[in-house]
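Each residue of the sequence shown is one higher than the one before, counting from 1 in my numbering. Where a beta carbon is used, it is the ideal one built from N, C-alpha and C, also for glycine. Written below as structure tokens is the structure these notes are about.
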Amino acid sequence: MSLNTIQGWAHLCFLSPYQDGAFRLFRGHIIASDGSTHGIAGHYLPNHHDPNRNDCMDPILFYETVIKKYDTGSERRLLVRRVAEDDAAGICTDQDDDKENKGQSLSFETERFLVGNKAVEHCRKYLGQEEKDVVVCMGNMNITLKN
């Protein structure tokens, strides 16, 4: 089985926060270095917990994430993690989840961060979302998927 690597610039809009500070979902796009465009969406999994967690670690949020290639409609699903209580936190897979992710991986680190009216306008312009409490993270994303 061959691997497909997607590298490029991404923007993620974190939407609909819960009272505990976790965002219910995120949506965004990845513009890959080869010119292809992919959608990305994640749904918060409040009942998913890290089996190897200890009290020295930052709390982690889990998201079921779908990556969709727009020109073919193909989709892949990954379990990603995000540090809780850090609006600028990136997302990534973890080797503890390799079995669930079938050896596929994703990493995203925030390089630019929008809040307030700028974040609201960004989500409206690029996603058609009308939300008031949003955070936008932009940066480089690397994804490795199995074909």
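I need the DSSP call for residue i, collapsed to helix, strand or coil.
i	result
Ala119	helix
Arg53	coil
Gln95	helix
Leu127	helix
Ala89	coil
Lys68	strand
Asn147	coil
Ser16	strand
Val136	strand
His11	strand
Asn47	coil
Rounded to the nearest angstrom, how far is the Cβ of residue i from that of residue j, given a contact under 8 Å?
i	j	result
Lys146	Lys102	6 Å
Glu111	Met138	6 Å
Ala88	Phe113	5 Å
Arg53	Ile67	With a Cβ gap of about 26 Å, Arg53 and Ile67 do not count as contacting.
His29	Ile40	7 Å
Thr65	Val83	Their Cβ separation, rounded to whole angstroms, is 16 Å, which puts Thr65 and Val83 out of contact at 8 Å.
His38	Lys69	5 Å
Ser105	Thr93	5 Å
Considering just the uninterrupted stretch of the alpha helix (DSSP H) at residue i, what are its terminal residues?
i	result
Asn101	Asp98 to Asn101
Start and end of the beta strand (DSSP E) containing residue i?
i	result
Glu75	Glu75 to Val83
His29	Phe23 to Ala32
Ser105	Ser105 to Phe108
Gly42	Thr37 to Tyr44
Check each candidate in the options and name the one with the smallest Cα separation from residue i.
i	options	result
Gln129	Cys13, Leu106 and Pro46	Cys13
Phe151	Gly35, Pro46, His11 and Gln7	Outside the modelled stretch of the chain, which goes from 1 to 147, sits residue 151, for which no answer is possible.
Please check if any C-beta of chain B sits within less than 7 Å of the C-beta of residue i.
i	result
Glu100	This model lacks chain B altogether; it includes just one protein chain.
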